[in-house]
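Student:
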Amino acid sequence: MDGSTRRRLLEGVSAASFLAIAIGGTGTVGGQSTADETGPLEVSIAETDSPVAAGDYLRVTTELRNRSDEDVRTDLELFVGVDAESIGRRTLTVPAGETETVRQGFYTYPVPTDDSFPVRVETDYGDDVATVSVRGASPLPESRPDSDPTVTPGTTLFFEAFAIDPDDFQQTIWWVDGEQEGGVVGGPWQATYFAEVGADYFQYEFDDPGTYEVAAAVLPDGGGPGDDGADESYVATWTVDVDPAGNREPTIDDRSPDVEALELARGESYEVELTATDPDGDLERVVWWLTQADQIVEITDLEGATDTARLSTDAFCHTCSILPWVIASDGTLAVAPDWQLFEADDPGADGECSVTIRSTNAPVDAGADLAVTAEVQNSGNRPVTREVDYVVGHDPETVDSQTVSLEAGESRRLTLSYETYPVAHDQQFPIRVDCGDDEDEVTVLVEA
């Protein structure tokens with residue numbers, strides 16, 4: 015295995031991908047400890063779940079035995095690979111005469127061949143080392159774009175990793191130059207796109223000239239932390255050259271109607287269209303989204319250098335938008351201007367829907383469900399239907415949603431929840447409940 019592949023295997027396991035989890039591995043390993051045999055703390059890697067499929071989550075379980083009659087406080091850090099990349103650090107106290115078990119882990123890079131590498135846990139009183147291994151990932155049978163793109167700086171590319179089995183769940187983790195990009199849990203649009211197209215997608219804007227390696231690790235049902243692990247994994251890779259002479263993204267030449275908003279009666283059909291041009295002559299399709307509804311209304315095929323896409327539909331939700339994605343066969347992507355939808359003669363200029371967060375179950379342990387109870391009220395004078403979204407984080411992500419229909423003046427309490435990430439450190443962040451016309455926000459705590 016060459017050095018660059020090994021580097022990519024071990025890079026990308028930053029603090030964001032470091033997870034401390036509450037379940038043990040399955041494979042016992044013997045390490046080589048350098049702990050002081052007469053010191054207060056005995057440090058040992060008790061087990062890992064090695065080997066794992068390349069791209070899957072690898073767990074390391076460490077035991078810290080306090081041999082003294084006093085509590086011992088120490089830092090515990092996990093390092094991975096020959097170059098000892100630090101995954102993250104925990105500070106903990108081991109009570110006198112007791113043993114603490116610490117579980118850590120990371121997503122491995124989806125290398126195509128079997129490989130082994132060291133993991134090391136280090137404390138103030140010594141360390142322990144073990145060798146773990148991954149089983150090489152198989153080539154993903156289908157992905158798009160189907161060749162390595164060359165694009166101009168500032169271009170956004172659209173990558174797709176198609177399902178191994180469209181009827182089964184899969185998890186896809188994306189990497190750019192050995193760095194894991196984004197979380198491992200997709201939002202509602204990811205789920206919608208997978209159900210409609212049979213592929214997970216990834217958008218990335220390449221700002222600076224250079225060469226980039228993009229990889230998709232596909233784990234069939236069973237991959238990731240908290241599971242038994244995937245039996246096998248798959249990988250799709252692209253080499254992206256960013257050069258001023260490269261391909262450019264499509265442009266939107268015309269749109270009809272040329273307005274920002276459409277006022278419609280509920281159930282009324284309407285038509286929108288756009289004309290797109292691909293400077294490189296290879297248009298492929300338009301994906302028409304109904305935004306707050308998280309719905310793909312239609313996918314329209316395009317071809318050639320210039321083509322017109324037309325959508326005729328009655329798909330509607332008040333204040334939603336029809337948002338077109340224009341995609342060329344080389345993966346270049348343009349997001350066209352949208353049309354926002356409003357209900358005709360709507361009396362609720364100040365907004366019919368209001369929302370108030372009544373309670374949460376915070377603080378919760380990392381990995382547990384974080385629930386929020388909100389009261390949604392129709393303050394208008396006609397019935398309304400709204401999509402109520404549960405949004406979390408400083409980089410907002412919609413993690414749950416419910417559709418609610420309310421008569422004029424009616425209110426209803428909703429409980430929304432999601433499974434928090436098993437983070438290694440206490441995390442404080444905002445959560446928000448948004449019904450379109452109104453929102454409410456509080457700050458919560460997730461404890462490591």
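Be aware that the sequence shown starts at 15, since it is given in my numbering, and climbs by one per residue. Glycine residues also receive a C-beta, built at the ideal position from the N, C-alpha and C atoms.
Who pairs with Leu-384 in a beta bridge, going by DSSP?
Tutor: Answer is Tyr-432, bridged to Leu-384.
Student: Skipping 5 residues on each side, what residues in its chain have a beta carbon closer than 6 angstroms to that of Ala-348?
Tutor: Cβ within range, chain order: Glu-263, Pro-264, Val-340.
Student: Check whether the Cβ atoms of Trp-302 and Leu-278 sit closer than 8 angstroms, and answer yes or no.
Tutor: No. Outside cutoff.
Student: Does DSSP put Pro-109 in a helix, in a strand, or in coil?
Tutor: Looking at Pro-109 - three-state DSSP - the assignment turns out to be coil, as it is neither helix nor strand.
Student: Could you tell me whether the segment 167-185 touches the segment 83-92, using the rule of 3 or more Cβ pairs below 8 angstroms?
Tutor: At 8 angstroms Cβ cutoff, the stretches do not touch.
Student: Given a threshold of 16 other Cβ atoms within 10 Å of its Cβ, counted over all protein chains shown, does Asp-16 qualify as buried or as exposed?
Tutor: With a pLDDT of 38 at Asp-16, under the threshold of 50, the modelled position of this residue cannot be trusted, and the question is left open.
Student: Hey, is the segment 394-414 in contact with the segment 179-186, meaning 3+ C-beta pairs nearer than 8 angstroms?
Tutor: With a cut-off of 8 angstroms, the segment 179-186 and the segment 394-414 do not count as touching, because too few Cβ pairs lie within range.
Student: With DSSP run on the structure shown, which of helix, strand or coil describes Gln-306?
Tutor: DSSP places Gln-306 in coil when its eight states are reduced to three.
Student: Using the beta-carbon count (16 or more within 10 Å), is Glu-317 buried or exposed?
Tutor: By the neighbour-count rule (16 or more Cβ atoms within 10 Å), Glu-317 is not buried but exposed.
Student: Could you compute how far the alpha carbon of Phe-208 sits from the alpha carbon of Cys-331?
Tutor: Those two C-alpha atoms are separated by around 22 angstroms.
Student: If we count the other Cβ atoms within 10 Å of its Cβ and call it buried at 16 or more, is Thr-412 buried or exposed?
Tutor: So Thr-412 ends up on the buried side.
Student: Leaving out five residues before and five after Ser-147 in sequence, what residues of the same chain have Cβ atoms less than 6 angstroms from its Cβ?
Tutor: Hits under 6 angstroms: Ser-64, Pro-65, Ser-130.
Student: Can you tell me whether Glu-510 is helix, strand or coil according to DSSP?
Tutor: What the structure shows of the chain is the stretch from 15 to 462, and residue 510 is not part of that stretch, so it cannot be assessed.
Student: So that I know if they touch, is there some Cβ in chain B lying closer than 8 angstroms to that of Thr-115?
Tutor: The chain labelled as chain B is not found in the depicted structure, where only one protein chain is given.
Student: If Arg-280 and Glu-366 are in contact, beta carbons under 8 angstroms, what's the gap, nearest whole angstrom?
Tutor: Actually they do not touch by this definition, with Cβ atoms about 13 angstroms apart.
Student: Starting from the Cα of Thr-166, find the closest Cα among Gly-192, Phe-220, Glu-156 and give me that residue.
Tutor: Taking only the C-alpha atoms, the option nearest Thr-166 is Phe-220.
Student: When you compare only the Cα positions, how much space is there between Val-386 and Thr-305?
Tutor: Near 23 angstroms, if we compare the C-alpha coordinates of Thr-305 and Val-386.
Student: Please report the Cβ distance between Leu-384 and Val-273, rounded to the nearest whole angstrom; I am assuming they are in contact, meaning their Cβ atoms lie under 8 angstroms.
Tutor: About 41 angstroms separates the two Cβ atoms, so there is no contact after all.
Student: Taking C-alpha atoms, which residue in Asp-321, Thr-253, Leu-355 lies nearest to Cys-334?
Tutor: With distances taken between Cα atoms, Cys-334 lies closest to Leu-355.
Student: Distance, Cα to Cα, Pro-132 vs Gly-260?
Tutor: Distance between the alpha carbons of Pro-132 and Gly-260 is about 40 angstroms.
Student: Going by Cα to Cα distance, which pick from Pro-234, Ala-244, Ala-350 is closest to Arg-269?
Tutor: Per the Cα distances, Ala-350.
Student: So Gly-119 packs on Arg-73, CB below 8 angstroms; how close in whole Å?
Tutor: So it is a contact: roughly 4 angstroms between Cβ atoms.
Student: If you draw a straight line from the C-alpha of Ala-231 to the C-alpha of Glu-287, how long is it?
Tutor: Those two C-alpha atoms are separated by around 36 angstroms.
Student: With 16 as the cutoff for other CB atoms within 10 Å, does Pro-155 come out buried or exposed?
Tutor: With fewer than 16 other Cβ atoms within 10 Å, it is exposed.
Student: What first and last residue would you give for the alpha helix (DSSP H) that runs through Tyr-207?
Tutor: Where Tyr-207 is concerned, the enclosing alpha helix (DSSP H) stretches over 202-211.
Student: Would you mind working out which of Val-456, Gly-111, Ala-67 sits nearest Glu-77, comparing C-alpha positions?
Tutor: When each option's Cα is compared against that of Glu-77, the closest is Gly-111.
Student: Alpha carbons only, please: which of Val-108, Ala-98, Ala-380 is nearest the one belonging to Glu-84?
Tutor: With distances taken between Cα atoms, Glu-84 lies closest to Val-108.
Student: Using 8 angstroms for Cβ pairs, my map puts Ala-388 next to Arg-400. What's the rounded Cβ distance?
Tutor: So it is not a contact: roughly 12 angstroms between Cβ atoms.
Student: Helix, strand or coil for Asn-375, going by three-state DSSP, please let me know.
Tutor: In this structure, Asn-375 counts as coil in the three-state DSSP scheme.
Student: Give the secondary structure of Leu-72 by DSSP, where H, G and I count as helix, E and B as strand, and everything else as coil.
Tutor: Three-state DSSP puts Leu-72 in a strand.
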